[in-house]
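Trainee: Here's a structure for you.
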């Protein structure tokens, strides 16, 4: 086979996904730290599945329509750092293919080259020995060979990719110490191997995993300001954005525009959906449009009758902030206890997520788009969620700043500072300073045997991490917590230790651990809370 059309290219990606899902557990197991957040394979799988789901919804009739839908779906569905980088790889491939009717191996080489360029640009500080290195190595090799048959071509490119994956172990000290390859790199080559299997006519059994919804809460019934959720796919990626935004926000809100591959997806809440569609038609043909009655859905969900909803009882538009709110705070929370703390500190949007449950880009886009605040501060609260939050900010026509918090306790410290800030203060700077000044620690059990930071860890043993660094192991929570004071933090500058109990950690044991910390740190105030986080018995902040 020397050429493929958009239907065949979709089949290649579907086979790549099926192969990744088959090997997902192995990819997850490559996590360097033996903690319960080895979810690289899961994040990449969910990202690609969302992309292909978007393709299924749009039913593309050309290569341009296919790659546009694939790219848009991957951007919205990206989860975790690996998923975001994968979405950028797909975005680059789509940009190189959207003017083709059929793809040759030379075209595929161009797609890989563009994928490497876009992925590197998406990461603020690219690190070699990762998925970035592998996509670059494959693209460089692909551009230097001339193989017309797709089976031979993919086999040749994958051979280079496999070698590059193997070499990641020696490129990063953490990988060398753990004796593993980079998980994201392994996931990418696994996808390409699935594509090769399809080209060779080998059947790859697709799986249909679906994540369980978490943190869903039934909302009280309310009368919506704008009733119809309207999504329009316009056959152009060169709309006059300022003009379109100004027009559609005159009679609507929650506006999001996302362009890729010759198409623009326009999302808006409005009471006049057909007027919005007619307006957009003057710029380009409409490929597809969807209109949903949100008021009906809300009333059905909450059990409120349409008659009662029509009485005029309302909540603020967007449901997350009152009119005139200057800055809304968006936080990612790992448990119900943290939810409550965040609410008391004035968080406007709470997104469920954390280790093993990285929310997709869409989880940020939707609630922010539906909120009427003038600006937003987003706290990802996990190093593996920061890229998804950043990506969401680029998709929104709003003033959204991402504060790079790596743990929920850092966001709590920031919100405490923001409560006392004045309207003239730079809130983003205030939050960033509070995050930087807050150290955090956590205790969890090892998921496998490993050597990390020079320490030998046995599966099932307890580990103490401070600022993401493993500092001690032991056979109990108290045993490892005793090592907290031995860390090289500037204890003379500290005055408060906040401790949060995990969902499955015994309350009596927690009380005893708090008492021990109080004794260990007589000059510091120790404050206990229920966090409700999964997997981690105890987490806390040192301020």
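In our numbering, the protein residues as written are 84 to 626. A virtual CB, placed ideally from N, CA and C, is assigned to each residue, including glycine.
#1: Check for me: the alpha helix (DSSP H) holding residue 545 runs from which residue to which?
#2: Residue ranges of each beta strand (DSSP E) run of no fewer than 3 residues wholly in the region 463-510, ordered along the chain?
#3: At a cut of 8 angstroms, does the region 552-571 reach the region 591-598 through at least three beta carbon pairs?
#4: If residue 583 sits next to residue 527, beta carbons under 8 angstroms apart, how far is it from one beta carbon to the other, in whole angstroms?
#5: Excluding the 5 residues flanking residue 346 on each side, which residues of the same chain have their C-beta closer than 8 angstroms to its C-beta?
#6: Inspect the CB distances between the region 239-247 and the region 202-211 and report whether three or more fall short of 8 angstroms.
#7: Is it buried or exposed, residue 488, if we count other Cβ atoms within 10 angstroms and call 16 or more buried?
#8: Are residue 270 and residue 169 close, meaning C-beta to C-beta below 9 angstroms?
#9: Does the beta-carbon of residue 256 have 16 or more other beta-carbons within 10 angstroms, so that it is buried, or is it exposed?
#10: Judging by CA-CA distance, which residue of 501, 127, 533, 549 is the nearest neighbour of residue 543?
#11: Exposed or buried, residue 635, counting other C-beta atoms within 10 Å across all chains shown (16 or more means buried)?
#12: Between the Cα of residue 420 and the Cα atoms of 286, 163, 611, 224, which residue gives the shortest distance?
#13: Below 8 angstroms on the Cβ atoms is my contact criterion, and I expect residue 251 with residue 265 to pass it. Report the Cβ-Cβ distance as a whole number of Å.
#14: Are residue 102 and residue 287 close, meaning C-beta to C-beta below 9 angstroms?
#15: Kindly indicate which residue of 260, 136, 158, 254 has the alpha-carbon position closest to the one of residue 538.
#16: What would DSSP say about residue 412, mapped onto helix, strand or coil?
#17: Whole angstroms is fine: what's the gap from residue 123's alpha carbon to residue 362's?
#18: According to the Cβ coordinates, are residue 274 and residue 131 closer than 9 angstroms?
#19: Using the Cβ count rule (16 or more neighbours within 10 Å means buried), how would you classify residue 512?
#20: May I ask you to report which of helix, strand or coil DSSP gives residue 443?
#21: Return the first residue and the last residue of the beta strand (DSSP E) that residue 538 is part of.
#22: Measuring straight from C-alpha to C-alpha, what distance separates residue 359 and residue 105?
#23: May I ask which residues mark the beginning and end of the alpha helix (DSSP H) holding residue 315?
#24: Any contact between the region 458-470 and the region 413-431? By contact I mean 3 or more CB pairs, one from each, below 8 angstroms.
#25: Between residue 603 and residue 579, how many whole angstroms is the CB-CB distance? I'm expecting something under 8 angstroms.
#26: Using a 10 Å radius around the Cβ and a threshold of 16 neighbouring Cβ atoms, would you call residue 107 buried or exposed?
#27: With a threshold of 8 angstroms, are at least 3 pairs of Cβ atoms found where one atom belongs to the region 492-504 and the other to the region 163-180?
#28: Classify residue 98: buried if its beta carbon has 16 or more other beta carbons within 10 angstroms, exposed otherwise.
#29: CB-CB under 8 angstroms to residue 500, same chain, minus the five flanking residues each way: which ones, in chain order?
#30: Assuming contact is defined by CB atoms lying nearer than 9 angstroms, are residue 459 and residue 520 in contact in what I supplied?
#31: In whole angstroms, what separates the C-alpha of residue 335 from that of residue 555?
#32: With burial defined as no fewer than 16 other Cβ atoms inside 10 Å of the residue's Cβ, what is the status of residue 194: buried or exposed?
Mentor: On the basis of the coordinates in this document:
#1: Counting along the chain, residue 545 falls outside any alpha helix (DSSP H), though it belongs to the beta strand (DSSP E) covering 545-549.
#2: 482-485
#3: yes
#4: The Cβ separation is near 13 angstroms, so there is no contact.
#5: 147, 148, 151, 152, 155, 316, 317, 318, 319, 320, 370
#6: no
#7: buried
#8: yes
#9: exposed
#10: 533
#11: The structure shown does not extend to residue 635, since the chain is modelled only from 84 through 626, so no value can be given for it.
#12: 611
#13: 4 angstroms
#14: yes
#15: 260
#16: strand
#17: 42 angstroms
#18: yes
#19: exposed
#20: Residue 443: strand per DSSP, three-state reduction.
#21: Counting along the chain, the beta strand (DSSP E) containing residue 538 begins and ends at 538-540.
#22: Rounded to whole angstroms, residue 359 and residue 105 show a C-alpha spacing of 43 angstroms.
#23: Element bounds for residue 315: not the alpha helix (DSSP H) but the beta strand (DSSP E), 311-317.
#24: yes
#25: Contact doesn't hold; Cβ gap of about 14 angstroms is too wide.
#26: buried
#27: no
#28: Buried is the call here.
#29: 513, 514, 516, 517
#30: no
#31: 54 angstroms
#32: buried
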